[in-house]
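Chemist: Structure in C-alpha coordinates, see below.
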Amino acid sequence: MRSRTPEDLAGRCPRCFLPVALCLCADVPCVPTRTELLIVRHHKETLKSTNTARMAALAIPRCSIVSYGSPGVPFDASVLEGDDTWLLFPDAHQTPEPGAAFPKRLIILDGSWGQARRMVQRVPALRRLPGLKLPPPPPDSRRLRRPPHPEGMSTIEAIAGALAHLEGEHVAEPLYALHEQMIERVLASRGRNTQPPAWEA
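Numbering (my numbering), first residue to last: 2 to 202.
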(Lines of atoms letter the chains of each structure in order from A and count residues from 1; the text may use other names and numbers.)
(Lines give C-alpha, C1' and ligand atoms only; values in the text may rest on other atoms or scores of the structure.)
Protein backbone atom coordinates (compact mmCIF):
# COMPACT_ATOMS: atom_id res chain seq x y z
CA MET A 1 0.00 0.00 0.00
CA ARG A 2 1.28 3.48 -0.87
CA SER A 3 0.35 6.53 1.14
CA ARG A 4 -0.54 9.61 -0.86
CA THR A 5 -0.34 12.42 1.64
CA PRO A 6 -0.68 15.84 -0.06
CA GLU A 7 2.30 18.08 0.60
CA ASP A 8 0.06 20.84 1.94
CA LEU A 9 -1.68 18.30 4.27
CA ALA A 10 -5.06 19.51 3.00
CA GLY A 11 -7.80 17.90 5.08
CA ARG A 12 -5.29 16.14 7.31
CA CYS A 13 -4.17 16.54 10.90
CA PRO A 14 -0.75 18.26 10.94
CA ARG A 15 0.43 16.00 13.81
CA CYS A 16 -0.63 12.47 12.90
CA PHE A 17 -1.11 13.13 9.13
CA LEU A 18 -4.38 11.18 9.08
CA PRO A 19 -7.56 12.71 7.65
CA VAL A 20 -9.07 15.12 10.18
CA ALA A 21 -12.16 12.93 10.61
CA LEU A 22 -9.91 9.99 11.56
CA CYS A 23 -7.35 11.92 13.62
CA LEU A 24 -5.61 9.66 16.12
CA CYS A 25 -4.02 12.33 18.32
CA ALA A 26 -6.60 12.10 21.13
CA ASP A 27 -5.90 8.37 21.46
CA VAL A 28 -2.09 8.55 21.46
CA PRO A 29 -0.82 7.30 24.85
CA CYS A 30 2.06 8.81 26.79
CA VAL A 31 4.72 6.11 27.20
CA PRO A 32 7.54 7.12 29.57
CA THR A 33 10.81 5.24 28.99
CA ARG A 34 14.17 5.00 30.69
CA THR A 35 15.76 4.68 27.26
CA GLU A 36 16.26 7.73 25.08
CA LEU A 37 15.28 7.05 21.47
CA LEU A 38 16.62 8.80 18.37
CA ILE A 39 14.97 7.95 15.05
CA VAL A 40 17.01 8.66 11.92
CA ARG A 41 14.27 8.96 9.30
CA HIS A 42 14.92 8.85 5.57
CA HIS A 43 13.62 12.08 4.06
CA LYS A 44 11.32 10.18 1.69
CA GLU A 45 9.34 8.97 4.71
CA THR A 46 8.59 12.47 5.98
CA LEU A 47 5.23 13.00 4.28
CA LYS A 48 3.96 9.41 4.27
CA SER A 49 0.78 8.93 6.29
CA THR A 50 1.89 5.33 6.92
CA ASN A 51 5.10 6.46 8.65
CA THR A 52 4.91 4.89 12.11
CA ALA A 53 7.98 6.75 13.41
CA ARG A 54 5.76 9.82 13.62
CA MET A 55 3.37 7.98 15.95
CA ALA A 56 6.22 6.71 18.10
CA ALA A 57 7.54 10.25 18.56
CA LEU A 58 4.06 11.49 19.53
CA ALA A 59 3.70 8.75 22.15
CA ILE A 60 7.18 8.63 23.69
CA PRO A 61 8.43 11.82 25.42
CA ARG A 62 12.06 10.70 25.16
CA CYS A 63 11.88 10.07 21.41
CA SER A 64 13.04 12.49 18.72
CA ILE A 65 13.43 12.36 14.94
CA VAL A 66 16.23 13.65 12.69
CA SER A 67 16.11 13.58 8.91
CA TYR A 68 18.56 11.78 6.65
CA GLY A 69 19.22 12.20 2.94
CA SER A 70 17.48 15.51 2.25
CA PRO A 71 18.89 16.88 -1.04
CA GLY A 72 21.70 19.32 -0.39
CA VAL A 73 21.66 18.76 3.39
CA PRO A 74 24.60 16.71 4.73
CA PHE A 75 23.78 14.38 7.59
CA ASP A 76 25.29 15.51 10.90
CA ALA A 77 26.62 12.28 12.39
CA SER A 78 27.42 14.03 15.67
CA VAL A 79 23.81 13.36 16.74
CA LEU A 80 24.78 9.69 17.04
CA GLU A 81 27.41 10.36 19.69
CA GLY A 82 26.68 9.59 23.31
CA ASP A 83 27.50 7.20 26.12
CA ASP A 84 25.87 3.76 26.00
CA THR A 85 24.32 4.36 22.58
CA TRP A 86 23.20 1.28 20.63
CA LEU A 87 21.81 0.75 17.12
CA LEU A 88 18.59 -1.22 16.60
CA PHE A 89 19.12 -3.08 13.34
CA PRO A 90 18.33 -6.57 11.94
CA ASP A 91 21.98 -7.21 10.99
CA ALA A 92 23.25 -6.49 14.50
CA HIS A 93 25.37 -9.19 16.12
CA GLN A 94 25.11 -8.15 19.76
CA THR A 95 22.02 -8.50 21.89
CA PRO A 96 21.96 -7.75 25.62
CA GLU A 97 20.44 -10.44 27.81
CA PRO A 98 17.18 -9.57 29.60
CA GLY A 99 18.02 -8.00 32.92
CA ALA A 100 21.51 -6.98 31.82
CA ALA A 101 22.64 -3.36 31.78
CA PHE A 102 20.52 -1.67 29.14
CA PRO A 103 21.70 0.99 26.70
CA LYS A 104 20.87 4.52 27.76
CA ARG A 105 20.17 5.53 24.18
CA LEU A 106 18.91 3.65 21.14
CA ILE A 107 19.24 4.70 17.49
CA ILE A 108 16.46 3.50 15.17
CA LEU A 109 16.66 3.76 11.37
CA ASP A 110 13.36 4.61 9.70
CA GLY A 111 12.89 3.85 6.02
CA SER A 112 12.61 0.93 3.64
CA TRP A 113 14.95 -2.01 4.13
CA GLY A 114 17.14 -0.74 1.27
CA GLN A 115 17.20 2.80 2.62
CA ALA A 116 18.18 1.60 6.10
CA ARG A 117 20.99 -0.57 4.74
CA ARG A 118 22.36 2.32 2.71
CA MET A 119 22.31 4.54 5.81
CA VAL A 120 24.51 2.02 7.60
CA GLN A 121 26.81 1.70 4.59
CA ARG A 122 27.22 5.46 4.17
CA VAL A 123 27.47 6.57 7.81
CA PRO A 124 30.55 5.01 9.46
CA ALA A 125 29.40 6.18 12.90
CA LEU A 126 26.40 3.84 12.65
CA ARG A 127 28.63 0.83 11.98
CA ARG A 128 30.69 1.56 15.09
CA LEU A 129 27.70 1.34 17.43
CA PRO A 130 26.89 -1.81 19.42
CA GLY A 131 23.86 -3.48 17.91
CA LEU A 132 20.54 -4.71 19.21
CA LYS A 133 18.81 -7.39 17.15
CA LEU A 134 15.21 -8.46 17.72
CA PRO A 135 13.60 -11.81 16.96
CA PRO A 136 11.39 -11.79 13.84
CA PRO A 137 7.75 -10.83 14.36
CA PRO A 138 4.95 -13.41 14.13
CA PRO A 139 4.22 -14.18 10.45
CA ASP A 140 0.57 -13.15 10.83
CA SER A 141 1.37 -9.66 12.17
CA ARG A 142 -0.74 -6.93 10.59
CA ARG A 143 1.05 -4.03 8.93
CA LEU A 144 0.47 -1.37 6.33
CA ARG A 145 3.45 -2.23 4.14
CA ARG A 146 4.67 -5.66 3.14
CA PRO A 147 8.22 -6.20 4.46
CA PRO A 148 10.80 -7.53 1.96
CA HIS A 149 12.06 -10.20 4.36
CA PRO A 150 10.70 -12.20 7.34
CA GLU A 151 12.43 -10.04 9.95
CA GLY A 152 10.93 -6.82 8.60
CA MET A 153 8.60 -4.79 10.78
CA SER A 154 7.35 -1.25 11.07
CA THR A 155 9.39 1.28 13.04
CA ILE A 156 6.91 1.48 15.91
CA GLU A 157 6.82 -2.35 16.11
CA ALA A 158 10.62 -2.42 16.28
CA ILE A 159 10.66 0.23 18.99
CA ALA A 160 8.01 -1.64 20.96
CA GLY A 161 9.97 -4.88 20.64
CA ALA A 162 13.18 -3.23 21.79
CA LEU A 163 11.48 -1.61 24.77
CA ALA A 164 9.81 -4.91 25.69
CA HIS A 165 13.27 -6.50 25.79
CA LEU A 166 14.96 -3.64 27.63
CA GLU A 167 12.22 -2.37 29.94
CA GLY A 168 9.39 -4.89 29.99
CA GLU A 169 6.24 -5.82 28.10
CA HIS A 170 4.18 -3.26 30.03
CA VAL A 171 6.13 -0.49 28.27
CA ALA A 172 5.62 -2.02 24.82
CA GLU A 173 1.91 -2.86 25.04
CA PRO A 174 0.58 0.71 24.52
CA LEU A 175 2.78 1.06 21.42
CA TYR A 176 1.54 -2.20 19.91
CA ALA A 177 -2.04 -1.04 20.58
CA LEU A 178 -1.31 2.32 18.95
CA HIS A 179 0.06 0.53 15.90
CA GLU A 180 -3.18 -1.46 15.59
CA GLN A 181 -5.23 1.72 15.90
CA MET A 182 -3.15 3.38 13.22
CA ILE A 183 -3.69 0.45 10.86
CA GLU A 184 -7.46 0.69 11.42
CA ARG A 185 -7.54 4.45 10.76
CA VAL A 186 -5.35 4.29 7.65
CA LEU A 187 -7.43 1.48 6.17
CA ALA A 188 -10.61 3.40 6.99
CA SER A 189 -9.19 6.45 5.22
CA ARG A 190 -8.85 4.27 2.13
CA GLY A 191 -12.45 3.14 2.33
CA ARG A 192 -11.65 -0.35 3.58
CA ASN A 193 -13.87 -1.81 6.30
CA THR A 194 -11.63 -3.82 8.61
CA GLN A 195 -14.42 -4.92 10.96
CA PRO A 196 -16.69 -7.92 10.27
CA PRO A 197 -20.33 -7.19 9.35
CA ALA A 198 -22.72 -7.07 12.31
CA TRP A 199 -24.37 -10.31 11.25
CA GLU A 200 -21.00 -12.09 11.47
CA ALA A 201 -20.10 -10.76 14.93
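Beta carbons: idealized from backbone N, C-alpha and C, even for Gly.
Can you give me the C-alpha to C-alpha distance between Ala-78 and Arg-42, rounded to a whole angstrom?
Modeler: For the purposes of this step, residue 78 is taken as the residue at position 77 of the sequence shown. For the purposes of this step, residue 42 is taken as the residue at position 41 of the sequence shown. Each residue's Cα considered, the two are about 13 Å apart.
Chemist: Give a yes or no on whether the C-beta atoms belonging to Thr-36 and Phe-103 are separated by under 8 Å.
Modeler: Stepping through the sequence shown from its first residue, residue 36 is reached at position 35. Stepping through the sequence shown from its first residue, residue 103 is reached at position 102. Yes, they are a contact pair.
Chemist: Taking DSSP as the reference, what is the three-state secondary structure of Leu-130?
Modeler: Within the sequence shown, numbered from 1, the residue matching residue 130 stands at position 129. In this structure, Leu-130 counts as coil in the three-state DSSP scheme.
Chemist: Contact defined as beta carbons within less than 8 Å: I believe Met-183 pairs with Thr-53. What is the distance between those atoms, to the nearest angstrom?
Modeler: Here the question's residue 183 lines up with position 182 in the sequence shown. Here the question's residue 53 lines up with position 52 in the sequence shown. Between Thr-53 and Met-183 the Cβ distance is about 7 Å, and since that is below 8 Å, they are a contact.
Chemist: For Leu-204, which of helix, strand or coil comes out of DSSP?
Modeler: Outside the shown range of the chain, which is 2 to 202, sits residue 204, and nothing can be said about it.
Chemist: How about Ile-157 and His-171: do their beta carbons lie closer than 8 Å?
Modeler: Stepping through the sequence shown from its first residue, residue 157 is reached at position 156. Stepping through the sequence shown from its first residue, residue 171 is reached at position 170. For Ile-157 and His-171, no; Cβs fall outside 8 Å.
Chemist: What distance in whole Å lies between the Cβ atoms of Val-187 and Ser-50, which are believed to be in contact at a cut-off of 8 Å?
Modeler: Numbered from 1 along the sequence shown, position 49 holds the residue referred to as residue 50. Numbered from 1 along the sequence shown, position 186 holds the residue referred to as residue 187. About 6 Å; that satisfies the 8 Å criterion.
Chemist: Please list the terminal residues of the continuous beta strand (DSSP E) segment that includes Leu-110.
Modeler: Here residue 110 corresponds to residue number 109 of the sequence shown, with the count starting at 1. Counting along the chain, the beta strand (DSSP E) containing Leu-110 begins and ends at 106-111.
Chemist: For the pair the segment 124-140 and the segment 68-82, tell me if three or more CB-CB distances fall below 8 Å.
Modeler: Output reads yes: the segment 68-82 touches the segment 124-140.
Chemist: Using beta-carbon positions only, say whether Ile-40 and Ala-60 come within less than 8 Å of one another.
Modeler: Taking the sequence shown and counting its residues from 1, the one referred to as residue 40 is at position 39. Taking the sequence shown and counting its residues from 1, the one referred to as residue 60 is at position 59. For Ile-40 and Ala-60, no; Cβs fall outside 8 Å.
Chemist: Could you tell me the alpha carbon to alpha carbon distance between Pro-175 and Met-154, rounded to whole angstroms?
Modeler: Taking the sequence shown and counting its residues from 1, the one referred to as residue 175 is at position 174. Taking the sequence shown and counting its residues from 1, the one referred to as residue 154 is at position 153. Rounded to whole angstroms, Pro-175 to Met-154 spans 17 Å at the Cα level.
Chemist: Can you round the beta-carbon distance between Cys-14 and Val-21 to whole angstroms, since I take them to be within the 8 Å contact cut?
Modeler: By 1-based counting over the sequence shown, the position of residue 14 is 13. By 1-based counting over the sequence shown, the position of residue 21 is 20. Cys-14 to Val-21, Cβ: 6 Å. Contact.
Chemist: Per DSSP, which residues does Trp-87 bridge with? Please list them.
Modeler: As a first step, residue 87 must be located in the sequence shown, where it is residue number 86. For Trp-87, which the question treats as bridged, DSSP gives the partners Leu-107.
Chemist: Answer with buried or exposed for Ala-178, where buried requires no fewer than 16 other C-beta atoms within 10 angstroms of its C-beta.
Modeler: On the sequence shown, residue 178 is found 177 positions in, with the first residue counted as 1. Looking at its Cβ environment, which holds fewer than 16 other Cβ atoms inside 10 Å, Ala-178 is exposed.
Chemist: Within the continuous beta strand (DSSP E) that includes Ser-68, where are the two ends?
Modeler: Translated into positions along the sequence shown, residue 68 becomes position 67. 64-69 is the span of the beta strand (DSSP E), which, as asked, contains Ser-68.
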